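Worksheet: the structure to be examined is printed underneath.
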Amino acid sequence: MAEYAASEHDGDVIEVRPGGRRRIDRVLAVDFADGAAQLSMTDLRARRDEAAQEETDLSYLRRLLHARIDIVRAEQRRRDEGGPASLITELARILSINAVGPAAGSGRHRMLEPSRAEAHRRHVEALVSDVDLSDVTSLSEEQLDGALVAYMAEEESVSHCRREVQQVMGRLNAEIGARYAQGSASVDDLLAGEGGQQR
């Protein structure tokens, strides 16, 4: 999960570690957005951007999980309805809807790419070790049920952390907006700073 590969994370749900070195730990630390009014504009934007990147990674991970939940539910529905065993032909379509392309998080005006996409994919694939969704029609009812429970529990955990990160982003963005409204920061300074970062 975000920086939450199995070697770094105990269990199947995100555990934020106080004082931890991962980005999720920093962004959700109690003091990350506290004292925002005392931060320089540069530091304020840097923290907002760090939170935006974490939100983008969580959004991408959430989409990967949604894709797998959709696949399992589609196979369960096919069995209940007695449909033909042709779900394999639908896998690419389902995945393309849920987990292809950049993660459109709630960050800034620019589109952010997930910073650890491959690690996220490996993590999701390892959640249910005995389930191969590329051959989903061969899975037993018990395997499908177990996979759905695991994917949904993970999705709930990821979504919870994503909402908390979005709250942090909101606090930092509110402080930035307040400075513009009060005249203590200018759009020209913002554009000049971003131009320097892009060079």
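Going by the numbering used here, the first residue of the sequence shown is number 214, and it counts up by one from there. Backbone N, C-alpha and C define an ideal beta-carbon position, used for all residues, glycine too. As the structure is a prediction and not an experimental result, all values here were calculated from the model.
(Q) Less than 8 Å between C-beta atoms, sequence neighbours within five positions excluded: which residues of the same chain meet that for Arg239? (A) Gly233, Phe245, Glu263
**Q.** Inter-stretch contact (C-beta, 8 Å, three-pair minimum) for the region 325–336 and the region 260–275
**A.** yes
Q. Between the C-alpha atoms of Arg288 and Gln379, what's the straight-line distance to the nearest angstrom?
A. The amino acid occupying residue 288 in the given sequence is Glu; Arg does not appear at that position. Rounded to whole angstroms, Glu288 to Gln379 spans 33 Å at the Cα level.
Q. Could you give the C-beta distance for Leu252 and Val371, rounded to a whole number, given that I count them as a contact under 8 Å?
A. That pair is no contact at about 28 Å.
(Q) By the DSSP assignment, the alpha helix (DSSP H) with Arg230 in it spans what residues? (A) Run containing Arg230: none; DSSP gives neither H nor E here.
Q. Any idea what DSSP makes of Glu326, helix, strand or coil?
A. coil
Q | Supposed contact pair Val341 and Ala363 - C-beta distance, whole angstroms, cut 8 Å | A | 5 Å
Q | Arg290 beta carbon less than 8 Å from that of Val337 | A | no
Q: Please confirm whether Leu241 and Glu388 have their CB atoms less than 8 Å apart.
A: no
(Q) Taking the alpha-carbon of Gly383 as reference, which of Glu355, Ser351, Arg258 has the nearest alpha-carbon? (A) Arg258
Q: Compare the Cα-Cα distances from His333 to each of Gln395, Leu274, Glu228 and report the closest residue.
A: Leu274
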